[in-house]
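The next block holds one structure in the form of structure tokens; read it before the comments.
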Amino acid sequence: MTRLGDIRVSDGDAVAAEHIRTALLAGTFVYEDGSTQTFEPSGATTYNDRGRPTEGRWYLGDDGRFCSFWPPDFRACYDLHWIVDDEEVAGLRFVPDGRSRGFAGRYRR
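Structure, rendered in structure tokens:
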């Protein structure tokens, strides 16, 4: 399913800064509303909502957190947490600054 076989984590664990890139590039994410998102090694990202793609950029912030930029001026950083089902990494939870809950992205099977 994903290229994360060497990473051993439990559901809800924070994604270590050194694993963020691997986690994002492991596959296409499908969100709860059916939208999808892909991340490219170049830092490009495409969010697709009902057939309407939006192009953005992703990067690691100075504090080692995942951040994204969506033109013309939206920028946000997130804490990432693993979603693990039956001992297999199934996706990520993206938690915005100052919030206790976020949104889930599961790897497309």
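Counting in the numbering used here, the sequence shown runs from 16 upward without gaps. Glycine residues also receive a C-beta, built at the ideal position from the N, C-alpha and C atoms.
Nearest neighbour of residue i, chosen from the options [CA to CA]
i, options, result
"Asp78", "Leu40, Arg67 and Asp112", "Asp112"
"Pro87", "Tyr74, Ala119 and Thr69", "Thr69"
"Ala59", "Ile98, Leu39, Ser115 and Arg65", "Leu39"
"Ala119", "Ile22, Tyr93, Glu47 and Ala91", "Glu47"
"Leu75", "Tyr122, Leu107, Val24 and Glu33", "Glu33"
"Arg90", "Asp100, Gly71 and Leu107", "Gly71"
"Asp21", "Arg124, Asn63 and Glu103", "Glu103"
Supposed close pair residue i, residue j - CB separation, criterion 8 angstroms
i, j, result
"Thr126", "Thr43", "The structure shown does not extend to residue 126, since the chain spans only 16 to 124, so no value can be given for it."
"Asp94", "Ala41", "With a Cβ gap of about 18 angstroms, Asp94 and Ala41 do not count as contacting."
"Arg123", "Ala105", "In fact, because the Cβ distance is near 11 angstroms, the residues do not count as touching under 8 angstroms."
Counted within 10 angstroms of its Cβ, other Cβ atoms place residue i as buried (16 or more) or exposed
i, result
"Ser83", "buried"
"Thr81", "It should be noted that the sequence gives Phe, not Thr, for residue 81. So Phe81 ends up on the buried side."
"Phe54", "buried"
"Gly49", "exposed"
For residue i, three-class secondary structure by DSSP
i, result
"Glu102", "coil"
"Val24", "coil"
"Gly117", "coil"
"Leu19", "coil"
Distance cut-off 7 angstroms: residue i Cβ against heavy atoms of the ligand PLP
i, result
"Leu95", "You won't find the ligand PLP in this model; it holds no ligand whatsoever."
Checklist entry - Whole beta strand (DSSP E) runs in the segment 29–81 with 3 or more residues, listed along the chain? => result 44–46, 51–54, 59–64 and 67–75
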